[in-house]
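Residue numbers (the working numbering): 56 to 600. Just so you know, even glycine gets a beta-carbon here, dropped at the ideal spot from N, CA and C. Heads up: the structure comes next, in structure tokens.
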Amino acid sequence: MPVKEKTNALSTHEVINQVPVLENYNLYEVDPLLKELPLPDDARQRLCDFGARLGSSEYIRAGVLANEYPPVLSTHDRYGQRADTVEFHPAYHQMFSAGMGFGVHCLPWTTDEPSAESHLERAAGHYMLSQIEAGVGCPLTMTFAGVPALQRYAPEEIKSVWIPKLTAKVYDHRFLPVEQKTGATMGMAMTEKQGGSDVRANTTQATHLEGDYYSLRGHKWFCSAPMCDAFLTLAQAEGGLTCFFVPRFKPDGSKNSLRVVRLKNKLGNKSNASSEIEYEDTWAVRVGEEGRGVPTIIEMVNHTRLDCVIGSAALMRAALTQALHHVNHRMAFGSVLIEQPLMINVLADLCLEMEAAWLMIQRLCRAYGQGHADPQERAFARLATAVAKFWVCKRCPQMVVECLECLGGNGYTEDFPLARIFRESPLLSVWEGSGNVISLDILRSFQKEPESLDAFLSEVSQSEHVTKQSLQAKIVQLAQPFSARRLAQSLAVHWQMQLMEQSTTPGACEAFARSRLEEPGGVFGLQAKVEDCRAIVNRFISSFS
């Protein structure tokens with residue numbers, strides 16, 4: 056991998072033993088998990104080209120700038136009239152444009168029927184993009200997730216105008232009616248001050264006008280990417296909680312009365328604007344039936360949860376890349392860090408975690424790609440998405456911290472990428488359902504959709520390390536709200552075990568079984584066999600020479 060050497064002769068000392076800057080590398084080429092994807096050659100080439108672009112010094116710098124110069128809200132223009140617009144640094148637009156140009160927001164929807172391959176190529180692109188800049192992943196994900204919800208539930212007048220713009224590989228950030236744009240993006244706004252995740256407690260009111268048209272009055276406490284061209288939202292209609300489509304402009308071309316009150320000052324995810332909004336007699340179109348708001352919008356939610364898994368894995372990989380690069384160049388206590396046994400133990404565990412997370416994503420892509428035609432795959436995806444969302448998003452901050460520690464004090468400074476990655480790492484465990492919400496959702500799925508549990512158990516019990524009877528016994532033992540997290544963890548680890556049996560890494564399956572099932576520990580770096588660890592690390596470090 057090409058690296059840039061930096062040497063400085065200072066008057067007080069010589070600067071030596073410094074790790075070269077990691078830039079101008081190919082994110083695809085350094086990742087053995089991506090290079091082994093079951094994709095056709097043209098898809099592999101697209102991913103390789105995208106990986107080279109994202110790994111360039113230009114795009115790495117753009118990812119930094121997009122977060123150093125966060126978005127700015129203008130509630131009013133110079134004349135005192137409502138503006139409700141957000142301005143972003145050009146680097147944000149650059150990253151957003153790269154994502155849309157690749158098709159992170161649309162690849163599966165650009166063919167007659169989505170496929171496992173199109174979902175997998177898209178996931179790999181999203182995974183690489185989010186390693187360099189994660190903030191644009193939010194609106195890209197919501198646009199991706201909004202399309203199937205519109206396809207299934209929206210009136211024809213919405214589908215015919217909006218879906219072609221939402222699936223165009225063109226980034227057009229101009230604040231204009233959709234008819235005047237070459238491409239469009241879409242968001243989602245559900246939670247309110249008094250309810251949070253309990254959206255059935257929402258108080259925003261929807262007044263019927265005519266046909267599918269309504270007027271909304273109320274607020275949303277979290278609305279990320281408010282410059283999206285339209286949103287799916289929830290409001291109380293006469294028939295109960297209902298899903299609505301809210302464009303930024305009304306059909307006559309005038310601005311819709313969606314008021315952006317303020318932007319959130321967040322821990323991380325600085326490049327992405329997250330706002331509080333108010334609906335002041337806001338024009339909206341009903342999507343789905345009155346009173347069926349949650350079942351309607353859940354189509355979008357499930358796809359965003361899939362991307363929470365991908366985005367968390369991306370942060371894990373970004374942190375792992377920094378750690379591997381560092382230990383491959385840094386000398387300490389007489390040898391390069393990568394040659395020291397305890398460091399090898401830690402890194403091997405991190406590589407195992409990374410591979411298990413990615414194999415979950417790969418399997419989910421197959422389920423989503425085939426689910427439209429295969430009820431078994433659709434049922435599997437329903438439960439498996441929640442299980443993966445809970446576990447991978449929870450493991451992400453733990454893994455990032457361990458990678459940060461590989462860099463020592465440098466990792467804790469804002470001069471190095473790990474600080475930004477760490478501040479980003481808890482986000483996707485919160486978005487689209489925190490750990491408790493997801494764990495309880497898993498329990499509910501057992502009752503409401505027992506076929507999803509049957510599909511999950513049928514697959515996971517194919518493992519040499521897991522029996523269907525033992526897993527069923529575990530479910531019976533833990534299937535109550537108090538133990539819901541233990542259940543979610545158990546389902547996740549047993550599923551990962553079944554997936555890791557497919558690993559091509561020598562010793563990986565056995566090492567995973569020992570450290571996750573037989574002798575689970577609380578921290579990374581508790582592996583028992585140094586030979587397995589060396590083989591695991593060698594596979595991941597080979598591209599960093």
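Helix, strand or coil at residue i [DSSP, three-state]
i, result
"methionine 282", "coil"
"cysteine 298", "strand"
"valine 492", "helix"
"glutamate 504", "coil"
"alanine 46", "Shown here, the chain extends from 56 to 600; a query on residue 46 therefore has no answer."
"aspartate 139", "strand"
"aspartate 267", "coil"
"histidine 380", "helix"
"lysine 310", "strand"
"serine 326", "coil"
"arginine 46", "Any answer about residue 46 is impossible in this case: the structure gives the chain only from 56 up to 600."
"histidine 144", "coil"
"isoleucine 115", "helix"
"methionine 245", "coil"
"isoleucine 332", "strand"
"arginine 303", "coil"
"alanine 339", "strand"
"glutamate 432", "helix"
"valine 233", "helix"
"valine 592", "helix"
"glutamate 344", "coil"
"glycine 273", "strand"
"threonine 351", "helix"
"alanine 209", "coil"
"glutamine 425", "helix"
"valine 447", "helix"
Distance, residue j Cα to residue i Cα
i, j, result
"glutamate 172", "alanine 178", "10 Å"
"valine 85", "cysteine 420", "22 Å"
"leucine 109", "histidine 380", "17 Å"
"asparagine 465", "valine 382", "13 Å"
"glutamate 293", "serine 329", "30 Å"
"alanine 64", "glutamate 394", "29 Å"
"serine 513", "glutamate 333", "46 Å"
"alanine 441", "aspartate 496", "8 Å"
"leucine 410", "proline 219", "The question names leucine, yet the displayed sequence has glutamate at residue 410. Distance between the alpha carbons of glutamate 410 and proline 219: 36 Å."
"tryptophan 217", "leucine 392", "53 Å"
"leucine 82", "leucine 88", "11 Å"
"asparagine 79", "threonine 67", "32 Å"
"alanine 610", "tyrosine 269", "Here the chain covers residues 56 to 600 and nothing more, so residue 610 does not appear."
"lysine 529", "arginine 433", "24 Å"
"alanine 439", "leucine 508", "9 Å"
"cysteine 278", "valine 301", "12 Å"
"phenylalanine 511", "threonine 258", "37 Å"
"leucine 162", "glutamate 460", "37 Å"
"phenylalanine 143", "serine 500", "40 Å"
"cysteine 451", "serine 480", "6 Å"
"glutamine 235", "phenylalanine 304", "11 Å"
"alanine 107", "histidine 160", "20 Å"
"tyrosine 182", "phenylalanine 105", "11 Å"
"cysteine 406", "histidine 520", "20 Å"
"alanine 378", "serine 170", "34 Å"
"serine 516", "threonine 522", "5 Å"
For residue i, the nearest candidate out of the options (CA to CA)
i, options, result
"methionine 241", "Tyr269, Leu205 and Thr259", "Leu205"
"lysine 275", "Asp267, Gln291, Glu265 and Leu264", "Gln291"
"alanine 117", "Thr130, Gln149 and Arg133", "Gln149"
"leucine 221", "Gly158, Gln527, Cys451 and Thr337", "Gly158"
"arginine 137", "Pro125, Thr258, Lys310 and Ala534", "Lys310"
"glutamate 176", "Leu438, Arg418, Arg499 and Gln527", "Arg418"
"arginine 541", "Ala590, Pro95, Gly580 and Asn491", "Asn491"
"glutamate 408", "Gln186, Gln235, Ser558 and Pro481", "Ser558"
"phenylalanine 199", "Ala590, Leu462 and Glu354", "Glu354"
"glutamine 260", "Met282, Asp284, Leu483 and Trp338", "Trp338"
"cysteine 283", "Met197, Gly488, Leu533 and Ser489", "Met197"
"alanine 566", "His358, Gln100, Ala403 and Thr376", "Ala403"
"asparagine 327", "Cys193, Ser484, Val455 and Gly156", "Cys193"
"asparagine 324", "Gly343, Tyr147, Met155 and Thr166", "Tyr147"
CB contact check: residue i to chain C, cutoff 7 Å
i, result
"tyrosine 208", "The structure shown contains no chain C, having only a single protein chain."
Are three or more beta carbon pairs between the segment 242-254 and the segment 348-360 nearer than 8 Å? yes
Could I get the ranges of all uninterrupted alpha helix (DSSP H) runs contained in the segment 494-578, with 4 residues as the minimum, in chain order? 505-515, 523-533, 539-555 and 563-567
Suppose only complete runs of 3+ residues qualify. What are the beta strand (DSSP E) ranges in the segment 374-420, listed by chain order? none
Between the segment 443-455 and the segment 364-371, do three or more beta carbon pairs fall short of 8 Å? Taking a cut-off of 8 Å on C-beta distances, the segment 443-455 touches the segment 364-371, as three or more cross pairs fall below it.
Is it a yes or a no for the segment 316-329 touching the segment 227-238, going by three-plus beta-carbon pairs under 8 Å? no
Every unbroken alpha helix (DSSP H) inside the segment 121-206 [4 residues or more]: 145-157 and 171-187
Let me know the alpha helix (DSSP H) ranges lying completely inside the segment 79-112, each 4 residues or longer, listed in chain order. 87-90 and 96-109
Does the segment 473-483 come into contact with the segment 544-555, if we say contact requires no fewer than three beta-carbon pairs (one atom in each stretch) closer than 8 Å? no
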